[in-house]
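First the structure, in the form of structure tokens, and then the observations on it.
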Amino acid sequence: MLPLREEHSATLVSPSCVGSASGSQWLDDFMGQLSEDEKPDYLGLHFYTAADKPSDAEVVAARGYFTSRHTTHNRPVIITELASTSRNATEVEDFNKAVGGWLDAQSWIFEYRFFGVSRQPADGFVSPAAQLLDGSGQWTALGRWFVGAEDAQLFN
């Protein structure tokens, strides 16, 4: 990958680790093996909530995880998977809106993606309430919020 960066100005993203102690340790070990000029341009991260905790506690956990990884490695962050696993639709909506608002306000968050832009849930792990598309490919209410079209007739 380093020759691609050098020859073609490719942007490199670290392996994306899940928001757990073992994921953090793996990323720390990986980054510790690299010289400064070998380190990726961005940190890739994942975060999934605990299914049985309230959304406000999970927002605090997500913020802490993202902040600690950014602070430790001094790289902007790309969150490639972010989702609630709660089966309570209100908790899912509250988590997405609170964490999304916080992420939007962080200058060091380059981009993030909520999991669930598919017609069917990928598996039984991510909450069905976290889906951004319905079975016919139309935006769900949560999907319309995410793309900034809550009231737009175009998406109805």
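Going by numbering that gives the first Met the number 0, the first residue of the sequence shown is number 0, and it counts up by one from there.
Beta carbons are placed, not taken as given, at the ideal position from N, Cα and C, and that holds for glycine.
Predicted model, so just to flag it, every value in this text is computed and none were measured.
Between which two residues does the beta strand (DSSP E) carrying residue i extend?
i          : result
valine 12  : Per DSSP, valine 12 belongs to no beta strand (DSSP E) and is neither H nor E.
leucine 42 : 42-47
Is residue i helix, strand or coil when you go by DSSP?
i             : result
arginine 112  : strand
glycine 123   : coil
alanine 82    : strand
valine 59     : helix
tryptophan 25 : helix
Who are the near neighbours of residue i in its chain, counting only those whose CB is closer than 7 Å to its CB and skipping five residues on each side?
i             : result
threonine 139 : Gln130, Leu131, Leu132, Asp133
tyrosine 111  : Ile78, Leu81, Leu102
Starting from the C-beta of residue i, find all residues in its chain whose C-beta is less than 6 Å away, skip the five residues before and the five after it, and write them out in chain order.
i             : result
glutamate 90  : Ser54
glutamine 105 : none
leucine 26    : Cys16
Can you tell me whether residue i is buried or exposed? The criterion is at least 16 other CB atoms within 10 Å of its CB, across all chains shown.
i            : result
arginine 118 : exposed
histidine 7  : exposed
What first and last residue would you give for the alpha helix (DSSP H) that runs through residue i?
i            : result
glutamate 92 : 88-103
methionine 0 : That residue, methionine 0, is in no alpha helix (DSSP H); it is neither H nor E in DSSP.
Cβ pair count under 8 Å reaching 3, the region 24-39 against the region 87-96: When Cβ pairs closer than 8 Å are counted between the two stretches, the region 24-39 is seen not to touch the region 87-96, the count staying below three.
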